[in-house]
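Structure first, commentary second.
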Amino acid sequence: MKFNKVLENIKTYEAGKPIELVVREFGIAPEEVVKLASNENPIGTNPAVAEVIRKNADKAHLYPDDSMFELKEALGKKFNVDDDNIIIGAGSDQVLEFISRALLDEESSVLMSQVTFAMYEIYAKQMGATIVRTSSYQHKVDEFIAAYKEHKPKIIYLCTPNNPTGDATSKEDVLAIINAVDKETLVVVDGAYMEYAAAKDEKYCIEPKDILEFENVIYLGTFSKAYGLGGMRVGYGIAQVNLIKELYKMRPPFNISTLSLAAAIEACKDDVFVEESIMLHQEQIKRYEAFAKEQGFTYIESYTNFITYLFDEGMDSTKIADALLKRGVIIRNLASYGMNAMRITIGTAKQNDVFFKHFSEVIA
Ligand SMILES: *Cc1c(COP(=O)(O)O)cnc(C)c1O
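For the sequence shown, our numbering assigns the number 5 to the initial residue and increments by one for each residue that follows.
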């Protein structure tokens, strides 16, 4: 069988390894496995949200509300935008896919930072588009503007805070890039970790309202990280009405399940859960910074719920990640991004204890 030729140079997305795999492969009891690989909320599911999911279980025979009125209303209130400025996706990943399909073809190029969210490239390649990257892993304004002028990309991806590096781009810098491009280029501001950046330093806080005056910018957010709903698959895009209308043409019907909709609506009502998650995180991440300093390696200042440790030649991220995995500790090796580095989701105090114990032994 001959597949579409664009598939030839697509590498399948490699998700963080699931706990079940470590249990199967290394015979470790599931309760012993510590997964700090997918930037999930370590506190768990908000109990109020779990209750709503259970309550909605007997509505499984009905199609969900395809207008997603209640969720859009809740998001609209939260961000001070109208419901027709919002599109909901099965994760913000699905909104990224809509964007790619709505704009790209074989003639297009897309621009992104050297090291950033892997799905931008995959969705763009599915459409046959060319990938252009800046030379730094940080989002540097001058590099983005120079590459924009040279390549005139159809889409520019600004991931802030950035995954998998954890650094953030200031609102001032994001607006400088937006102001330098013309209306033929869409700028995607991916704020999957924005709640963490906003709590740490307001210079890095970008709200959907900040970009809504631009017809060629879309803001993306998700319930998967600070809201602790990775398993429910709900994300959103916020932009001017005309752009949202076009993206809607790409949306399959009922793309968000009844349970996921109910969960996200309930999650919007509970700011305390998110605040507590961020507080735990801010306390625990200090241990990771101190540990790196003690051990004499560097890390990237983090504005997210994870930290990226950078190693020199004396340490090999692949060997370390493999050794940790055998001990039931799952983290993200960044070798496939061309970095001798690893990304660790900040866990609960107890999970972090286990991580430090094994990590100390592995690098000793
Ligand atoms: C996690 C993540 C997303 C999307 O996650 P969904 O679960 O699909 O909402 C988007 N962008 C970045 C940078 C992420 O880390």
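Positions of the beta carbon are idealized from the N, C-alpha and C atoms, including for glycine.
Remember, it's a predicted structure, so these values are computed and weren't measured experimentally.
CB-CB length for residue i against residue j, believed under 8 Å
{"i": "residue 57", "j": "residue 265", "result": "Not a contact, Cβ separation roughly 10 Å."}
{"i": "residue 296", "j": "residue 313", "result": "6 Å"}
{"i": "residue 108", "j": "residue 99", "result": "No, residue 108 and residue 99 are not in contact; Cβ-Cβ is about 14 Å, not under 8 Å."}
{"i": "residue 18", "j": "residue 349", "result": "That belief does not hold up - the Cβ atoms of residue 18 and residue 349 are roughly 16 Å apart, past 8 Å."}
{"i": "residue 355", "j": "residue 46", "result": "6 Å"}
{"i": "residue 336", "j": "residue 347", "result": "4 Å"}
{"i": "residue 269", "j": "residue 75", "result": "5 Å"}
{"i": "residue 363", "j": "residue 328", "result": "7 Å"}
{"i": "residue 345", "j": "residue 321", "result": "6 Å"}
Pair within 9 Å by beta-carbon distance, residue i and residue j
{"i": "residue 90", "j": "residue 260", "result": "no"}
{"i": "residue 39", "j": "residue 21", "result": "yes"}
{"i": "residue 367", "j": "residue 324", "result": "yes"}
{"i": "residue 97", "j": "residue 239", "result": "yes"}
{"i": "residue 122", "j": "residue 307", "result": "no"}
{"i": "residue 103", "j": "residue 162", "result": "no"}
{"i": "residue 53", "j": "residue 271", "result": "yes"}
{"i": "residue 208", "j": "residue 173", "result": "yes"}
{"i": "residue 164", "j": "residue 193", "result": "yes"}
{"i": "residue 95", "j": "residue 228", "result": "yes"}
{"i": "residue 112", "j": "residue 157", "result": "yes"}
{"i": "residue 23", "j": "residue 334", "result": "yes"}
Proximal residues to residue i (C-beta, below 8 Å), its chain only, five neighbours per side dropped
{"i": "residue 129", "result": "10, 13, 14 and 135"}
{"i": "residue 27", "result": "33, 34 and 37"}
{"i": "residue 301", "result": "313, 314, 315, 316 and 319"}
{"i": "residue 253", "result": "106"}
Contacts around residue i, its chain only, beta-carbon distance under 7 Å, and the 5 residues preceding and following it disregarded
{"i": "residue 141", "result": "117, 118, 119 and 169"}
{"i": "residue 88", "result": "245 and 248"}
{"i": "residue 70", "result": "257 and 258"}
{"i": "residue 171", "result": "142, 165, 304, 305 and 307"}
{"i": "residue 311", "result": "170, 289, 292, 303, 348 and 350"}
Test: residue i CB closer than 9 Å to a CB of chain B
{"i": "residue 97", "result": "No chain B is present in this structure, which holds just one protein chain."}
Same chain, Cβ closer than 6 Å to residue i, neighbours up to 5 away in sequence not counted
{"i": "residue 42", "result": "20"}
Counting pairs of beta carbons, one from the region 172 to 179 and one from the region 209 to 225, are three or more of them closer than 8 Å?
-> The region 172 to 179 is in contact with the region 209 to 225.
Enumerate, from N- to C-terminal direction, the unbroken alpha helix (DSSP H) stretches of 4 or more residues contained entirely within the region 101 to 154.
-> Complete alpha helix (DSSP H) runs here, min 4: 122 to 130.
Can you give, in chain order, each stretch of the alpha helix (DSSP H) that sits fully within the region 311 to 361 and has at least 4 residues?
-> Counting only runs of 4 or more, we get 321 to 330.
Counting pairs of Cβ atoms below 8 Å between the region 193 to 201 and the region 219 to 235, do you hit three or more?
-> Result yes; three or more Cβ-Cβ pairs closer than 8 Å.
Unbroken beta strand (DSSP E) runs of length 3 or more, entirely within the region 198 to 226: which are they?
-> Within the region 198 to 226, the complete beta strand (DSSP E) runs of at least 3 residues fall at 221 to 226.
Does the region 185 to 193 come within contact of the region 141 to 158, defined as at least 3 CB pairs closer than 8 Å?
-> The region 185 to 193 is in contact with the region 141 to 158.
Give, in chain order, every unbroken run of the alpha helix (DSSP H) that is at least 4 residues long and sits entirely within the region 63 to 88.
-> Segments of the alpha helix (DSSP H) lying fully in the region 63 to 88: 73 to 83.
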